[in-house]
Every structure is written in structure tokens, then in C-alpha cells.
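Enquirer: Pasting in a structure now, in C-alpha cells, and then I'll have a few things to ask.
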Amino acid sequence: MNVLITGGAGFIGSNFVKYMLKEHTEYNIINLDALTYAGNLENLKNIGDNEKYTFIKADIRDKKKIEEVFKEYDINAVVNFAAESHVDRSIEEPEVFLTTNVIGTQILLDIAKKNWKLNPQDKHCRKYKAGVNFLQVSTDEVYGELGKEGLFVETMPLLPNNPYSASKASADLMVRAYHETFGMPINITRCSNNYGPYQFPEKLIPLIINNCLKGNDLPIYGDGMQIRDWLYVTDHCSAIDTVLHRGINGEVYNIGGNNEKANIEIVKLIIEALGKSEDLITYVKDRPGHDRRYAIDNTKIITELGWKPSYTFEEGIKETIKWYLDNTQWMENIVSGNYMGYYKKMYKDVDEDGR
Ligand code: NAD
Ligand code: DAU
3 MNVLITGGAG FIGSNFVKYM LKEHTEYNII NLDALTYAGN LENLKNIGDN
53 EKYTFIKADI RDKKKIEEVF KEYDINAVVN FAAESHVDRS IEEPEVFLTT
103 NVIGTQILLD IAKKNWKLNP QDKHCRKYKA GVNFLQVSTD EVYGELGKEG
153 LFVETMPLLP NNPYSASKAS ADLMVRAYHE TFGMPINITR CSNNYGPYQF
203 PEKLIPLIIN NCLKGNDLPI YGDGMQIRDW LYVTDHCSAI DTVLHRGING
253 EVYNIGGNNE KANIEIVKLI IEALGKSEDL ITYVKDRPGH DRRYAIDNTK
303 IITELGWKPS YTFEEGIKET IKWYLDNTQW MENIVSGNYM GYYKKMYKDV
353 DEDGR
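Residues in the sequence shown are numbered consecutively from 3, following this note's numbering.
So, in C-alpha cells, the structure goes:
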């Protein structure tokens with residue numbers, strides 16, 4: 003199998019590339035990534051020399067390049083992670099979320115369709131080469147927010163509340179449309195919040211760990227009582243692998259590990275693990291349109307495909323904190339770049355000196 007993984011230099015993508023090389027030693031893994039601010043080749047450096055692995059620096063919106071990659075590597079599966087992924091950035095600058103997350107996905111779909119259709123000239127042909135699949139990595143945010151009760155199930159309507167989730171929902175609908183209109187083999191996965199090694203420090207957990215280690219203020223949006231459902235990143239990887247191999251054509255699968263936590267709980271847990279003081283907690287202005295609660299019903303992937311998560315939150319967060327303590331240079335290389343400019347712009351409520 004020749005698997006095209008897009009966005010494989012980001013947080014989840016880089017974990018997935020390494021997961022696949024380990025679990026499927028016979029597969030050719032082609033990692034295509036534009037290396038935006040979030041893409042980092044350091045995330046992949048322990049792969050070393052592996053003849054089954056190829057990295058290509060390219061943008062999923064570059065039709066010509068994507069065509070070439072499909073031809074040269076005879077791609078028969080796509081796992082599309084490539085995206086702008088941060089909600090706060092989407093509130094500042096929505097446009098790139100549309101071009102990458104929606105148009106980029108449509109370009110990948112179109113080129114996959116052309117290369118995989120048994121008769122590409124016939125617009126009514128719904129037959130595809132054996133074994134091909136397009137797996138769209140989506141998010142639970144497409145469902146919008148939950149009240150105090152209830153869980154996201156796959157059949158719920160999509161009600162995204164911010165430009166990021168609206169772009170991911172649009173991409174999901176485009177993937178669905180290629181399945182319905184052209185008969186293209188697809189799956190969509192919708193996962194809850196991931197955490198673990200190599201997560202960019204714009205996201206809650208690595209941002210809090212980094213600020214704690216430096217003794218800087220810990221910015222909590224609003225009252226800190228928003229709830230997210232956390233999943234350790236390698237459990238997300240094993241779920242995607244499961245859907246790629248056992249998913250029913252055309253189906254959507256939610257992915258989550260039943261770990262609902264309020265943001266403030268997580269922040270306090272990290273403070274305690276690092277032996278810091280709760281005095282660092284600083285309540286700042288809330289995120290506009292901030293979703294109050296996410297929680298995944300994972301019954302379908304568990305009962306129909308036999309997947310289950312292997313980390314409890316307590317194990318996962320312990321590993322994560324240890325990883326950041328053992329890899330301070332990785333963090334320094336990021337925060338010494340243009341990250342500081344981003345941080346100062348976004349966290350104006352926090353002390354002037356970058357704290
Ligand atoms: P990330 O921001 O860490 O990584 C995104 C990667 O995509 C980067 O390597 C970046 O360089 C690349 N990229 C961006 N634009 C590109 C383009 N136009 N062409 C090619 N590559 C491009 O994101 P992440 O947290 O690893 O998320 C990966 C995927 O998983 C995203 O699609 C996201 O929506 C989804 N997801 C994330 C979470 C989460 O908690 N992080 C949860 C559910 C789903
Ligand atoms: O639910 C899945 C989604 O999870 C993914 O699709 C997104 O790509 C990913 O970024 C994540 O989105 P969130 O907005 O939930 O993650 P983030 O880490 O940005 O924020 C988690 C919670 O913490 C959220 O309620 C906002 C809050 N927060 C975040 C930051 C960065 C703070 O209180 N302070 C902060 O400084």
C-alpha cells in the first residue's frame with residue numbers, strides 16, 4: 003500500500019507517520035506537508051533512514067504537484083491531516099482556513115478521483131481501483147457545542163461555531179459529496195481534543211506546560227469551566243489506522259476516550275505535577291464564540307470496528323508532561339521563532355513582558 007499522509011509534519015500527523023512506519027513495515031509512507039508555522043521536521047527526525055518513508059514539501063492546494071505525487075508514487079490511500087488547526091488563529095484570519103481546509107481537501111479529492119476511477123473519462127463511472135480509500139481527519143468541533151448533558155453522535159447535524167470548525171465541517175460535506183455524487187470510497191473520522199508529544203504550544207496543554215516551566219502567567223479564557231474530551235495522540239493514531247483498514251465505505255466514525263475535563267482542572271493538574279503555584283493562573287478575556295462543552299460518543303468505532311483507547315487520562319498526561327520535560331530544546335526551538343510575536347498579539351491581557 004502507498005499511503006499519502008498530508009500534514010504529517012504537524013502534531014498528530016507526525017505521530018501518525020511514525021505509528022504507521024512501525025505498525026505497517028511493508029507500506030510506503032509518503033508524507034506531504036507545506037511546513038507552515040505548525041509543520042516541523044524536528045517532529046520526524048527520529049525516523050532516521052527508512053527506505054519506506056518519503057517526505058515531500060508541498061501544499062495540498064498545488065494541483066500540479068499533487069498530480070505528480072499521485073502518479074510518481076501510485077498512491078492508493080490518502081489520510082488528510084493537512085489543515086490550519088487553531089481556533090484562535092481562525093478568529094483572527096479566517097481566509098487561509100477556507101483555502102487550505104476546504105479548497106485543499108477538494109483538490110485532493112479531485113485528483114484522487116481522477117487517479118482511482120476505473121474509467122476516468124466516464125462521468126457516470128462509480129467503479130474504483132480495488133482497495134483505494136480517502137480518509138478525512140475531521141474533528142468533533144463540527145457538531146458545535148453541547149449543553150451540560152449528552153454526547154456527540156455521528157448522525158447529529160453539523161453546527162460549527164467558529165471559522166475553524168466551519169471550514170472543517172465544509173470539508174466533511176465535500177468529502178461526503180464526492181462519495182454520494184461520484185461513488186468515491188471515503189471515510190471521515192471526528193476526534194476529540196488530542197494531547198501528547200510534539201503538540202505546538204499555541205494549544206492549551208503545551209502552552210500551560212511551557213508557561214509553568216518558565217514561571218509565566220497561565221492564561222485561562224473566561225471562567226475556565228469549558229469542557230473538552232481528551233484523547234492521547236497515539237490512541238487517535240490507532241483509531242485512524244483501524245478506520246483505514248476496517249472502516250465501512252462512506253461511514254463517519256467518532257473517536258474519543260471518555261475523558262471529559264474542565265480546562266481549569268487540567269491547568270491545576272499540570273501546576274501540581276510541575277510543583278508550581280496556582281498564583282500563576284490568570285483569567286483573561288474569553289474566546290469569542292467559545293464552545294462550552296464537547297464530549298464524544300465512541301460506541302460506533304468500539305462496537306463496529308473493535309477499536310479501543312489504551313491510555314487513561316492520568317497515564318497520558320503523565321507521559322506528556324515527562325516528554326516536554328525531556329524535550330525542552332524542541333520547545334525552545336519553537337518559542338524562539340515567530341511564536342513570541344503570535345503570543346504577544348494574542349495574549350495582550352497577560353503581562354507586557356511576554357509573561
Ligand atoms: P497541526 O496544526 O499541528 O498540523 C497541521 C499540519 O498541516 C502542519 O504540519 C502544517 O504544516 C500542515 N499544513 C497546513 N496547511 C497545509 C497545506 N496547505 N498544505 C500542506 N500541508 C499543510 O494540526 P494537528 O493538531 O496535528 O491536527 C491535524 C489534523 O487533525 C487537522 O486536520 C485537525 O483539524 C485534526 N484534528 C485535530 C485535533 C487536535 O486536538 N489537535 C483533534 C481532532 C482533529
Ligand atoms: O475538539 C477538537 C479540537 O481541539 C481540534 O479540532 C482543534 O484542532 C484543536 O486545536 C482543539 O481545539 P480547542 O479550541 O478545543 O483547543 P485549544 O487547545 O485551543 O483550547 C482548549 C481549551 O482551552 C478551550 O476551551 C480554550 C481553552 N484555552 C486555550 C488556550 C490556548 C484557554 O483557556 N487558554 C489558552 O491560552
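We put the CB at the ideal spot given by N, CA and C, even for glycine.
I need the straight-line Cα distance from phenylalanine 184 to methionine 227, nearest angstrom please.
Expert: Going from the Cα of phenylalanine 184 to the Cα of methionine 227 covers about 44 Å.
Enquirer: Take the Cβ of arginine 91 as the centre, count every other Cβ of all protein chains shown within 10 Å, and call the residue buried at 16 or more, exposed below.
Expert: Buried.
Enquirer: Could you check how far apart the C-beta atoms of glycine 146 and leucine 161 are, in whole angstroms? I think they sit under 8 Å.
Expert: Right, the Cβ-Cβ distance comes to about 3 Å (below 8 Å), so this counts as a contact.
Enquirer: Less than 8 Å between C-beta atoms, sequence neighbours within five positions excluded: which residues of the same chain meet that for aspartate 355?
Expert: Low confidence applies to aspartate 355: its pLDDT is 42, below 50, so where it sits in the model is not reliable, and the reading given next is rough at best. If we look at aspartate 355 and ignore the five residues flanking it on each side, it has no Cβ neighbours.
Enquirer: Return the CA-CA distance between lysine 287 and lysine 47, expressed in angstroms with no decimal places.
Expert: One C-alpha to the other measures close to 38 Å.
Enquirer: What's the C-alpha gap between isoleucine 14 and serine 140?
Expert: Isoleucine 14 and serine 140: Cα-Cα distance of roughly 12 Å.
Enquirer: Does DSSP put asparagine 82 in a helix, in a strand, or in coil?
Expert: Note: asparagine 82 maps to strand in three-state DSSP.
Enquirer: Give the secondary structure of leucine 100 by DSSP, where H, G and I count as helix, E and B as strand, and everything else as coil.
Expert: In this structure, leucine 100 counts as helix in the three-state DSSP scheme.
Enquirer: Ordered along the chain, which non-local residues of its own chain (more than five positions away) have a Cβ less than 8 Å from that of asparagine 196?
Expert: The residues are Phe13, Ile14, Trp232, Leu233, Tyr234, Val235, His238.
Enquirer: Looking at the ligand DAU, does it come within less than 7 Å of valine 155, judged from the CB to the closest heavy atom?
Expert: Not under cutoff, so the answer is no.
Enquirer: Identify the residues that DSSP records as bridge partners of asparagine 136: which are they?
Expert: Here the sequence assigns phenylalanine to residue 136, which means asparagine is not the residue at that position. Partner(s): Val80, Ile188.
Enquirer: State the beta-bridge partners of aspartate 427 as determined by DSSP.
Expert: The requested residue 427 does not occur in the structure, where the chain is confined to residues 3 to 357.
Enquirer: Are the beta-carbon atoms of valine 71 and isoleucine 77 separated by less than 8 Å?
Expert: Contact: yes.
Enquirer: Does the distance between the C-beta of glutamate 147 and the nearest non-hydrogen atom of the ligand NAD fall short of 7 Å?
Expert: For the ligand NAD, not one heavy atom lies less than 7 Å from the Cβ of glutamate 147.
Enquirer: Residue range of the beta strand (DSSP E) that valine 254 falls in?
Expert: 254–257 is the extent of the beta strand (DSSP E) around valine 254.
Enquirer: Taking a contact to mean a Cβ-Cβ separation below 8 Å, would you say serine 194 touches valine 104 in this structure?
Expert: For serine 194 and valine 104, no; Cβs fall outside 8 Å.
Enquirer: Tell me the DSSP secondary structure of threonine 56 in three-state form.
Expert: Strand, per DSSP.
Enquirer: Select from Leu23, Glu267, Ile242, Ala84 the residue whose C-alpha is nearest the C-alpha of glycine 258.
Expert: Comparing Cα-Cα distances from glycine 258 to each of Leu23, Glu267, Ile242, Ala84, the minimum goes to Ile242.
Enquirer: Nearest-angstrom Cα distance between methionine 333 and serine 312?
Expert: Going by the C-alpha atoms only, they are around 26 Å apart.
Enquirer: So, for isoleucine 210: in the same chain, excluding its five sequence neighbours on each side, which residues have a beta-carbon less than 7 Å away from its beta-carbon?
Expert: Here the set comprises Leu220, Val269, Ile272.
Enquirer: For tyrosine 130, name the three-state secondary structure that DSSP assigns.
Expert: In the structure shown, tyrosine 130 sits in a strand (DSSP, three-state: E or B).
Enquirer: With hydrogens ignored, establish whether the beta-carbon of cysteine 239 is closer than 7 Å to any heavy atom of the ligand NAD.
Expert: Outside the cutoff, so no.
Enquirer: Report, in whole angstroms, the separation of the C-beta atoms of isoleucine 229 and lysine 205, which I expect to be a contact under 8 Å.
Expert: Isoleucine 229 to lysine 205, Cβ: 16 Å. No contact.
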